[in-house]
Each structure stands twice: as structure tokens, then as C-alpha cells.
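Contents: one structure, followed by commentary.
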Amino acid sequence: MSYRDTYAAWQADPEGFWMEAARKIDWDQPPSRAFFDQGPAGEWFADGMVNACWNAVDRHVEAGRGDQLAIIHDSPITRSYRGVTYRELRDRVASLAGALRAKGVGKGDRVIIYMPMVPEALEAMLACSRIGAIHSVVFGGFAAHELAVRIDDCTAKAIIAASCGLEPGRVVHYKPLLDRAIEEAKHKPEFCVILQREQEVAKLTPGRDHDWHSFQYGVEPAECVPVEGNHPHYILYTSGTTGQPKGVVRHTAGHIVALNWTMKNIYGIDAGEVFWAASDVGWVVGHSYICYGPLLAGATTIVFEGKPVGTPDPGIFGRIIQNHRVKVFFTAPTAIRAVKREDPDCTYIRDYNLKSLKAVFLAGERADPATVQWVERHLDVPVIDHWWQTETGWPIAANPFGIETLPVKHGSPGVPMPGYDVQVLDEGGQPVPRGTLGAVTVKLPLPPGTLPTLWNAEERFRKAYLTTFPGYYETGDAGYIDEDGYLYIMARTDDVINVAGHRLSTGAMEEVLAAHPAVAECAVIGVTDSLKGQAPLGLLCLKKGTDMPNAQVVAEVVGMVRDRIGPVAAFRTACVVDRLPKTRSGKILRATMVKIADGEAFKTPATIDDPAILDEIAMALRAAGYPPSVA
Numbered sequence: 001m002s003y004r005d006t007y008a009a010w011q012a013d014p015e016g017f018w019m020e021a022a023r024k025i026d027w028d029q030p031p032s033r034a035f036f037d038q039g040p041a042g043e044w045f046a047d048g049m050v051n052a053c054w055n056a057v058d059r060h061v062e063a064g065r066g067d068q069l070a071i072i073h074d075s076p077i078t079r080s081y082r083g084v085t086y087r088e089l090r091d092r093v094a095s096l097a098g099a100l101r102a103k104g105v106g107k108g109d110r111v112i113i114y115m116p117m118v119p120e121a122l123e124a125m126l127a128c129s130r131i132g133a134i135h136s137v138v139f140g141g142f143a144a145h146e147l148a149v150r151i152d153d154c155t156a157k158a159i160i161a162a163s164c165g166l167e168p169g170r171v172v173h174y175k176p177l178l179d180r181a182i183e184e185a186k187h188k189p190e191f192c193v194i195l196q197r198e199q200e201v202a203k204l205t206p207g208r209d210h211d212w213h214s215f216q217y218g219v220e221p222a223e224c225v226p227v228e229g230n231h232p233h234y235i236l237y238t239s240g241t242t243g244q245p246k247g248v249v250r251h252t253a254g255h256i257v258a259l260n261w262t263m264k265n266i267y268g269i270d271a272g273e274v275f276w277a278a279s280d281v282g283w284v285v286g287h288s289y290i291c292y293g294p295l296l297a298g299a300t301t302i303v304f305e306g307k308p309v310g311t312p313d314p315g316i317f318g319r320i321i322q323n324h325r326v327k328v329f330f331t332a333p334t335a336i337r338a339v340k341r342e343d344p345d346c347t348y349i350r351d352y353n354l355k356s357l358k359a360v361f362l363a364g365e366r367a368d369p370a371t372v373q374w375v376e377r378h379l380d381v382p383v384i385d386h387w388w389q390t391e392t393g394w395p396i397a398a399n400p401f402g403i404e405t406l407p408v409k410h411g412s413p414g415v416p417m418p419g420y421d422v423q424v425l426d427e428g429g430q431p432v433p434r435g436t437l438g439a440v441t442v443k444l445p446l447p448p449g450t451l452p453t454l455w456n457a458e459e460r461f462r463k464a465y466l467t468t469f470p471g472y473y474e475t476g477d478a479g480y481i482d483e484d485g486y487l488y489i490m491a492r493t494d495d496v497i498n499v500a501g502h503r504l505s506t507g508a509m510e511e512v513l514a515a516h517p518a519v520a521e522c523a524v525i526g527v528t529d530s531l532k533g534q535a536p537l538g539l540l541c542l543k544k545g546t547d548m549p550n551a552q553v554v555a556e557v558v559g560m561v562r563d564r565i566g567p568v569a570a571f572r573t574a575c576v577v578d579r580l581p582k583t584r585s586g587k588i589l590r591a592t593m594v595k596i597a598d599g600e601a602f603k604t605p606a607t608i609d610d611p612a613i614l615d616e617i618a619m620a621l622r623a624a625g626y627p628p629s630v631a
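Residue numbers (UniProt numbering): 1 to 631.
Here is the structure:
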């Protein structure tokens, strides 16, 4: 079937479409139907009984593939790699699950996982799934206060952590952060399990902390516990505008049915093939496409402890693709831009044999056409931008590589996937004509695997996602759909700026800036302007080795925006910076930069990768005359 046939089949019979997808999963008790009109936004496969760990691990051993690698851990920081087979993974997960059960952890209890990129992080997630506990992964090294907030919000019964994480040239001390978080939290977990790494052995708190290995000694391995289809599988916290993080809930059955469908149909991955998502288990990509998605498909997943540059050089992606015969590689545009900045001619990666690689997928930040074309030119494989959110758990729009490779349109993340009726609306909630910028929404119900609610915050869920456009899920993104049905995501709704009454997309301006041969990365923000209301300001990071004067680059990009978007953009100012402030998942912190430029007070985002960057940005903006009163 073609993409259009597949999408039409879903439109014609959503119930039948998802029941057919559900038959690819092992059920202890099959659901009576797919969709249940209950809860704030509906639920999927609610009366089925199923276990995510069984489907991700045990069933592959039962099928005779126990000796196949399930996980490859590659750490260029420690210069080591190791593999874990499906049989080994089953036994290790069952042992940890049994130890948790022996300490009183059971179905519905919450367990926080605070770990670096090691196989044990996936084992901890799967061990919780095995016994019906609800895991909440917090990015390793996250600030103590933010960890304390999450402990209180989910009232964690236990915490599984590591002694440390590793960054290029430094050790990140997890245990002191964990101790401070527990001290600050009002709710106290009953116990902690600590994986001691050889780079740092942490001091354990007697009576509370247990060593990973001794904790499991002599316990009875746990079997898989069936749970209801609408049993919460995990809670993943995402930043909230109020400062209180939002606990996105994922129900078990819909999650595994949807992810299993995507591995074959979107990513083209079959059992035994190697899939690499270069992300972190602390983010939704790590949940969906490092842990559960590849393992549900019976594929081999790579757990990568490193960076796109600096561990040791911009060729690290090529080395891992070659050595582990990666078929599909998934990363963030910001990672590609980091490589492009350090190695504009892609000389490092060309040292490796990449014949196993069939496609590159990008997500996390908008993939500007210049970045996509750079990868296409140097790797000669399809480069597929696709768009989704923490809330959805899997792609809203993509190019369905496993069904057919549609023509790529640079600047577009592709077409809506089955399950998503994407509509672009105006401020009054009415559909806009094709090609017109508006609020990107999804007509309800959302498909399986998407969030059914927020943890202990149903009213907040309704207000954040369902109230602005009744009958629709509000994505918070602005964009348009072209005549061929391709979606274009141009900015967060908050990043659409109003210049003298004209609504303009900062994403469209960023496309122009990124096309300049000296620009490696850029961002456009809307700053307060006394005459026009808002005016665009560009921030440019230049490629390594660029000898063009900064003033010349700025003058040229200003001219390019005038030529390609027009005088209406009123784009007159840009400044060169060494780096842009980002979250650990690679998203550029545009809203924070707007506050700095406007001279407003701001709170340093908890998810920021390096807070020192904000001081650098403030200095650069002051030099450029922002805020105006500090000229």
C-alpha cells in the first residue's frame, strides 16, 4: 500500500486500522475494541491486558532470537563498547524487577530513574514496566531543585540512579545532586538504588541507599505482570509556562501499539536491524526510540554516551554507523549543525564506510533546508525531517520511509501520519486556506500513544491543550499546509512576531540566514520596538574557519532577508555570537533571549545545557544596543 492508501484506510476505518496494528502485539487479554470515549481526550485499548516489557524483550527470546544483540552501548568518552543480547537483557531486567518487588515496589508505584546513557538505564525502565510500576526518567545531572519538584509531584517510592555521568573532560556528580534533592523534597522516597561507576564511587546513605549489584543478590527474578491497556506506563516531565513542570502521562497499550507500528512503517526497521537514535533517555526520543520502539520491533538499539563533536572529533557519527552497521540514524538538527560548524566539508565522516546507512531522520528543532541539503550532499541518503512532541510520543508528520519515500520538500517535515487529522486554524478556530500561516492543531481524538492527560492535573491538561480550539488538540506550533498536503512548521506560536500589523514567521527568516555560506547556526527573535510593536533580531553562529568579517556577514544576511521575504520583515539587525543557548535536547531558548533583549527579568530554564551561555548572549546583545536603554 502507498502512503495515500494507508492514510485513507485509517480515515475510512480508524477502529479497524488500530485493531489491526494491535494484532502485532502480544496480549494477555486482547482488547474488545480500540477507542474508548472516556477521560478528557479518550483512551485506547483500555480493557486489554498487556505487558510492555514482555513485548519489548521476552517475546523475542521466546521467538528464538535470544542471542541477537538488543543493546549496543558505545561510549567514546570511556573508549569502550559492549553488547547485551535479548536473553541477557531479559535476565538482567527480571533480576532488577525482582529486587524492586522484594522491596515492596508494585503495580502503580512510581520510580524515578536518574541515570546517564548506559544500558542499565534501559534495564531500569524495563524492570519497572515488568512489574507494572510507573517510571519517571529525569535527565541525569538535572539540578537538585528540579529533581525535588519531580519527586514531590509523582511521590516516588524509589529512585534508581548512578554515581555519576560523563561529559567530555569532566565527571558530573549525580549523587550529591540526588542527596540534595531528597533533602529538599517534601515527599521522601523509601529507598534508592545506585549504580556505581568506576569513574566515581559515591558514598551511600546507610539504610536508604543500595548498591545496584548487591541489591539484586539472591532475589527471585520477577515475571511480567499484565496491566490494563490504560494503565500509566510512564510519566515524563516537560517544561511548563508556570514554572511547574507538566507530567505527560503515557498509557501502556496505546504506547506500544503505536511505537511498534512506527518502527516498520515510518522508519523502515525490521527485527535484527540496527537503529540509532542519538538522544538521551531523559527525553521523549530516548523513551520512544532508544528504549521501547526498537526493542518492540526486535531491532538492535544503540545507547550512545558522547557528543556530536569533541568525543573525539566530528567524525564520531560516522564511526558508530560504520562499526555497528546502522541502517537508520535519528538525531537532532542542532547536532548536525554542530558537526557542520566544526567540519564544513564533512571530511571526518567521509573516512568511514557508511554503506549500511539507508536514511537519516531529524527532529527536535526545525530542520532548516540548508542543514538538510548539507547532509544529503555528503551522505547521499534520504534525509527526513519529521515533527512530533513530548506530548504525542511519536511523529505527527513525517515521510513514511517504511511505506514509501515521498518526494522531499525542504523546510517541511512531511505529511500527516495515520491517526493525525492535522488542521491549520486562525485565531477564531476556523480553517485557513492552503498556504496560509495559522495555528497547527490536530482534530480529536488523538491516536494511540499520545498523552491522555497530565499526571494529577486533568484540568491543567484541558486548559493547556483542549480549550483554545474546542474539538482540537493545540500543538502550540504555527505553520501551514501546502497544496500537496505537506505540513510546514514555521515557529512556536509564541515565536510568530507582529511587525507593524504583519504576522511573520521567525522560522522563515531563519531559513534565509542559514543559507548564507558563513552561517553554521542561527536564531531569529522578536524584540520590542516602540514604532512597529516588534522587530526581528538575528543571532548568528559562524562556521569554523570563516574569514569573512562579522560586519560583512551581517550586512549580507540583512540584504538576503530583504530580497527573499521583503521589506515588510523589517529585518535590519543581526549580531554574531559564539553559541546559542539551548536545552539539553537541543532546542534553542528563543523566549529567554527575547527577555534578555527586552531587559525583562527571567528565570534560567531548568533544562538549559549551560547557563553561562546566557551571560555571553547578554553581553553580545548589549553590544548591539539591546535593551535600548542600555545602548
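Beta carbons: idealized from backbone N, C-alpha and C, even for Gly.
Nearest-angstrom Cα separation, counted from residue j out to residue i
{"i": "residue 572", "j": "residue 601", "result": "25 Å"}
{"i": "residue 182", "j": "residue 212", "result": "19 Å"}
{"i": "residue 543", "j": "residue 613", "result": "18 Å"}
{"i": "residue 178", "j": "residue 404", "result": "47 Å"}
{"i": "residue 296", "j": "residue 537", "result": "45 Å"}
{"i": "residue 528", "j": "residue 122", "result": "45 Å"}
{"i": "residue 149", "j": "residue 359", "result": "39 Å"}
{"i": "residue 136", "j": "residue 235", "result": "5 Å"}
{"i": "residue 129", "j": "residue 119", "result": "16 Å"}
{"i": "residue 610", "j": "residue 583", "result": "8 Å"}
{"i": "residue 563", "j": "residue 524", "result": "17 Å"}
{"i": "residue 398", "j": "residue 384", "result": "7 Å"}
{"i": "residue 191", "j": "residue 100", "result": "10 Å"}
{"i": "residue 7", "j": "residue 356", "result": "29 Å"}
{"i": "residue 299", "j": "residue 171", "result": "31 Å"}
{"i": "residue 592", "j": "residue 628", "result": "17 Å"}
{"i": "residue 244", "j": "residue 337", "result": "31 Å"}
Simplified DSSP state of residue i, which is helix, strand or coil
{"i": "residue 704", "result": "Any question about residue 704 goes unanswered here, given that the chain covers just 1 to 631."}
{"i": "residue 7", "result": "helix"}
{"i": "residue 260", "result": "helix"}
{"i": "residue 26", "result": "coil"}
{"i": "residue 300", "result": "strand"}
{"i": "residue 389", "result": "coil"}
{"i": "residue 461", "result": "helix"}
{"i": "residue 334", "result": "helix"}
{"i": "residue 197", "result": "strand"}
{"i": "residue 520", "result": "strand"}
{"i": "residue 372", "result": "helix"}
{"i": "residue 135", "result": "strand"}
{"i": "residue 564", "result": "helix"}
{"i": "residue 187", "result": "coil"}
{"i": "residue 308", "result": "coil"}
{"i": "residue 289", "result": "helix"}
{"i": "residue 525", "result": "strand"}
Bridge partners - residue i, DSSP secondary structure assignment
{"i": "residue 174", "result": "Residue 174 pairs with nothing; no bridge assigned."}
{"i": "residue 638", "result": "Outside the shown range of the chain, which is 1 to 631, sits residue 638, and nothing can be said about it."}
{"i": "residue 49", "result": "29 and 228"}
{"i": "residue 44", "result": "35"}
{"i": "residue 474", "result": "441"}
{"i": "residue 192", "result": "159 and 209"}
{"i": "residue 361", "result": "330 and 384"}
Continuous beta strand (DSSP E) stretch holding residue i: start and end
{"i": "residue 498", "result": "496-499"}
{"i": "residue 534", "result": "533-542"}
{"i": "residue 247", "result": "246-251"}
Extent of the continuous alpha helix (DSSP H) run through residue i
{"i": "residue 507", "result": "506-514"}
{"i": "residue 213", "result": "212-216"}
{"i": "residue 319", "result": "316-323"}
{"i": "residue 423", "result": "Looking at the DSSP string, residue 423 is not in any alpha helix (DSSP H); the run it does join, the beta strand (DSSP E), is 421-425."}
{"i": "residue 612", "result": "612-623"}
{"i": "residue 144", "result": "144-154"}
{"i": "residue 164", "result": "Residue 164 -> not in any alpha helix (DSSP H); beta strand (DSSP E) instead, spanning 164-167."}
{"i": "residue 122", "result": "119-131"}
{"i": "residue 595", "result": "590-598"}
{"i": "residue 91", "result": "86-102"}
Query raised in the report: Counting Cβ pairs closer than 8 Å, one from the stretch 447-454 and one from the stretch 255-264, do we hit at least three?
Result: yes
**Report entry** Touching by the beta-carbon criterion (3+ pairs, under 8 Å), the stretch 49-67 and the stretch 88-106
**Finding:** yes
**Report entry** Three-pair Cβ contact test at 8 Å for the stretch 191-207 versus the stretch 32-40
**Finding:** no
Query raised in the report: Does the count of Cβ pairs from the stretch 275-293 and the stretch 328-348 closer than 8 Å reach three?
Result: yes
Report task. Count the C-beta pairs between the stretch 406-424 and the stretch 211-229 that are closer than 8 Å, then say yes if the count reaches three, no if not. Result -> no
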